[in-house]
Amino acid sequence: MLDKKTGEYMDVGQLLPKNKAEFFQKIIDYSYDEIFVANGDGICIYCNNTFEKNYGVKRSDILGQHISYIIDNNYVDILLFDDVLKNKKEITYKQKTAKGRIILNTSVPVLNSDGDVLYVVENCRDITEYEILHNTLDQTQKQLSKEKIISNRKDSIKNTFSYFKSKNMQETLVKTLRFASKDVNLIITGKSGTGKTSLAKFIHDNSDRKNKPFININCTTIPENLIESELFGYKKGAFTGALSSGKKGLVEQAEGGTLFLDEVSEIPMATQAKLLELVQEKQFLPIGSDKKFIADIRIITATNKNLEDAVKNKKFREDLYYRLNVVQLNMPALKDRSEDISVLISHFLLYYNNKYDSKVKMPAQIYDILNNYDWPGNIRELEHLIEFLVINCQNGVISINELPVNILNNENESIMEEHQININIPEKADYKIILEETEGKIIRKYYSTYPSSYKLAEALNLSQSTANRLINKYCK
2 MLDKKTGEYM
12 DVGQLLPKNK
22 AEFFQKIIDY
32 SYDEIFVANG
42 DGICIYCNNT
52 FEKNYGVKRS
62 DILGQHISYI
72 IDNNYVDILL
82 FDDVLKNKKE
92 ITYKQKTAKG
102 RIILNTSVPV
112 LNSDGDVLYV
122 VENCRDITEY
132 EILHNTLDQT
142 QKQLSKEKII
152 SNRKDSIKNT
162 FSYFKSKNMQ
172 ETLVKTLRFA
182 SKDVNLIITG
192 KSGTGKTSLA
202 KFIHDNSDRK
212 NKPFININCT
222 TIPENLIESE
232 LFGYKKGAFT
242 GALSSGKKGL
252 VEQAEGGTLF
262 LDEVSEIPMA
272 TQAKLLELVQ
282 EKQFLPIGSD
292 KKFIADIRII
302 TATNKNLEDA
312 VKNKKFREDL
322 YYRLNVVQLN
332 MPALKDRSED
342 ISVLISHFLL
352 YYNNKYDSKV
362 KMPAQIYDIL
372 NNYDWPGNIR
382 ELEHLIEFLV
392 INCQNGVISI
402 NELPVNILNN
412 ENESIMEEHQ
422 ININIPEKAD
432 YKIILEETEG
442 KIIRKYYSTY
452 PSSYKLAEAL
462 NLSQSTANRL
472 INKYCK
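Numbering (the working numbering), first residue to last: 2 to 477.
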């Protein structure tokens, strides 16, 4: 080191106080980090002031004590001192102290020439504030991710269309993509719950209007006397009870984008005339207005009824039907596209696990049972079931006992048919003998497919001990 006064180099050691031990002691004692030293037997031989602050233990209480003292008295949640002695390697881990501090502990073994541990030196840093910040950011990120997932319509399966395997859905998809970019009117047919709204949104998202509004309305949910005002809006003072400011209708809200009319067959005949003008002339007249407005929208409709029959029965305008039905797409019932059930199950399982911050798993056996069900409520029924199973699951893995009765009954009927279990009822016989013979047939048939007490118990909704007893009785 250069002495500025003399211009000569001097030994840095000359600057240290004569009592070097006391000097280094003060440095260690005032260190921000905790310094803790134990010998090879685990006896504490040194700790600095920061130790007291981190753990709330006085130095006089820990010096000379075995290191296990701090964990035996619940001053800290974890201690890996023995791991350092055993492996003779440096280790870093987190500790939580009784004072609520989170400590990053780096324990280093000091070895002698024979490789034995002389001391273990722990350097511990308080990272509580960092952890709080990290957890806050992590939770914020999770919440944003969760909100992003939930912001998608819960009934939307548009992101799964490309994964569908069934022939009829592949045909629908090919036809959909062919016409999605063409600005023509489409009508989607299919039973309730098949995903008609999702297909309409898929069409919108694959059209030139994708960055404009997608406005949808279920025509069955609006009273007949209100549907015209909901669609076309009204001007100030148009009728008693009208808002003083007037109201924009759904047609105006969809400007530049897509208007989706679900269950279009429910629109009253009087309103159908105004809808025809909208479809045909691209213009509409709000209630109470004397000025017509131009509408730059694409119209997609959907129905679960036969519109041709409605036309024949004078319940739906023929001219409107042909204007709407430029292209017809069909959403098949779920029972007619069983290859897609597993895709939908996985989709909704992921969605509801994210929504409810859970990690519920579905074993292959449950997938098989759900694949064999005919789903009269279609995708809507499947979705509601998956939500129920995620919420209701007790152990993180869906069990057969958590399935609804209607699905279990369907599964049992399917298995009975598969195994062709015939029960002969003679004119006269001992009831107990008939019962036992029937039970034996059922157990032997099921056991041929489910050859273990665990599998048999799952299949027949029995306890494993009961299944084991019946196997021993009828199958051994």
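No residue lacks a Cβ here, since even glycine has one placed at the ideal position from N, Cα and C.
Could you pull out every residue in the same chain whose Cβ sits closer than 6 Å to the Cβ of F261, ignoring the five residues on either side in sequence? Correct list, in chain order: A201, N217 and I301.
Practice item. Spatial neighbours of L383 within its chain, please: CB distance less than 8 Å, with the 5 preceding and 5 following residues excluded, ordered by chain position. Key: For L383, where only same-chain residues beyond five positions count, the Cβ hits under 8 Å are L335, I342, L345, I346, F349, L371 and W376.
K166 bridges to which residues according to DSSP? None, per the DSSP bridge assignment.
Open item on the list: Just checking: is the beta-carbon of P405 within a distance shorter than 8 Å of some beta-carbon in chain D?
Closed with: The structure shown contains no chain D; it is built from a single protein chain.
Of the listed residues S61, K283 and Y33, nearest to R324 (C-alpha basis) | The candidate whose alpha carbon is nearest that of R324 is K283.
task = Report the rounded CA-to-CA distance for S351 versus N379, giving the unit in angstroms.
result = It should be pointed out that residue 351 corresponds to Leu in this sequence rather than to Ser. Straight-line spacing of the CA atoms in L351 and N379 works out to 19 Å.
State the Cα-Cα distance for the pair I408 and C394, rounded to the nearest angstrom. Each residue's Cα considered, the two are about 16 Å apart.
- prompt: When DSSP labels each residue in this structure, what does S343 get in the three-state scheme?
  reply: It is helical.
Taking 6 Å as the limit between beta carbons, can you name the residues of its chain near K155, skipping five residues before and five after? Because the pLDDT of K155 is 46, which lies under 50, any placement of that residue in the model is unreliable, and the number read from its coordinates should be weighed accordingly. Contacts found: none.
Euclidean distance between Cα positions of N50 and F37: N50 and F37: Cα-Cα distance of roughly 10 Å.
**Request:** Whole angstroms is fine: what's the gap from T467's alpha carbon to A458's?
**Result:** Cα to Cα, T467 sits roughly 8 Å from A458.
Exercise for review: Taking only runs that begin and end inside the region 28-116, name each unbroken beta strand (DSSP E) of 3 or more residues, in chain order.
Suggested key: Taking only runs of at least 3 residues, the beta strand (DSSP E) segments lying wholly in the region 28-116 are 35-40, 45-48, 92-97 and 103-112.
- Task: Jot down the residue ranges of each uninterrupted alpha helix (DSSP H) in the region 324-386, minimum 4 residues, whole runs only, in chain order.
- Result: Residue ranges of uninterrupted alpha helix (DSSP H) with 4 or more members, entirely inside the region 324-386 and ordered along the chain, are 342-356 and 365-372.
Notebook entry, point to check: With 16 as the cutoff for other CB atoms within 10 Å, does P110 come out buried or exposed?
Noted result: Residue burial annotation: P110 is buried, with at least 16 other C-beta atoms found within 10 angstroms of its C-beta.
Item to check | Collapsed DSSP secondary structure at I399 in the structure displayed | outcome: I399: coil per DSSP, three-state reduction.
Burial state of S114, where buried means 16 or more other Cβ atoms lie within 10 Å: S114 comes out exposed.
Check your understanding: Candidates G257, R381 and T272: which alpha carbon is nearest T198's?
Key -> Nearest option by C-alpha distance: R381.
Mind checking whether E340 and S163 have CB atoms under 8 Å apart? By the CB criterion at 8 Å, E340 and S163 fall outside the cutoff.
Which stretch, first to last residue, makes up the alpha helix (DSSP H) that contains A468?
-> Where A468 is concerned, the enclosing alpha helix (DSSP H) stretches over Q465 to Y475.
Is the distance from the Cβ of Y120 to the Cβ of G41 below 8 Å? Against a cut-off of 8 Å, the Cβ pair of G41 and Y120 comes out as a contact.
Review point. By DSSP, does D127 sit in helix, in strand, or in coil?
Key: Reduced to three states, the DSSP call for D127 is strand.
* To do: Run the CB neighbour count on D127, radius 10 Å, all protein chains shown included, and call it buried at 16 or more, exposed below.
  => Looking at its Cβ environment, which holds 16 or more other Cβ atoms inside 10 Å, D127 is buried.
- Excluding the 5 residues preceding and the 5 following V280 in the sequence, name in chain order all residues of the same chain whose CB lies nearer than 8 Å to its CB. N186, I300, L321, R324 and L325, listed in sequence order.
**Item:** Reduced DSSP category for I408 - H, G, I as helix; E, B as strand; rest coil
**Value:** Helix.
Query raised in the report: What do you reckon, are the CB atoms on F233 and P269 nearer than 8 Å?
Result: Against a cut-off of 8 Å, the Cβ pair of P269 and F233 comes out as no contact.
**Prompt:** Considering only residues of the region 182-218, which uninterrupted beta strand (DSSP E) runs meet the minimum length of 3 residues and lie entirely inside it, listed in chain order?
**Reply:** With a minimum length of 3 residues, the continuous beta strand (DSSP E) runs that stay inside the region 182-218 are 187-190.
Which of the three DSSP states is assigned to R154 in this structure?
At R154, the pLDDT of 45 sits below 50, so the modelled position is not reliable; the number obtained from the coordinates is stated separately. The three-state reading of DSSP puts R154 in coil, since its state is none of H, G, I, E or B.
Does DSSP put L277 in a helix, a strand or coil? Taken through DSSP and simplified to helix, strand or coil, L277 comes out as helix.
Report task. Inspect the beta-carbon positions of L330 and T173 and report whether they are closer than 8 Å. Result -> Yes; because the gap between Cβ atoms is below 8 Å, this pair is in contact.
query: Are the Cβ atoms of A181 and N207 separated by less than 8 Å?
result: Against a cut-off of 8 Å, the Cβ pair of N207 and A181 comes out as a contact.
Notebook entry, point to check: Using a Cβ-Cβ cut-off of 7 Å (strictly less than) and excluding sequence neighbours within five positions of E229, which residues of its own chain qualify?
Noted result: Excluding its 5 nearest sequence neighbours in each direction, E229 has C-beta neighbours in its own chain below 7 Å: T272, K275 and I288, listed in chain order.
Exercise for the section: Report, in whole angstroms, the separation of the C-beta atoms of G257 and R210, which I expect to be a contact under 8 Å. Expected result: Yes, G257 and R210 are in contact; Cβ-Cβ is about 7 Å, under 8 Å.
Rounded straight-line distance, which links the Cα of K477 to that of S193: The alpha-carbon separation between S193 and K477 amounts to approximately 50 Å.
message: Pull the bridge partners of L260 from the DSSP assignment, please.
response: In the DSSP assignment, L260 forms a beta bridge with I216 and I300.
Query raised in the report: At what residues does the alpha helix (DSSP H) containing V479 begin and finish?
Result: Summary: the structure shown does not reach residue 479, with the chain confined to residues 2 through 477, and so no result is reported for it.
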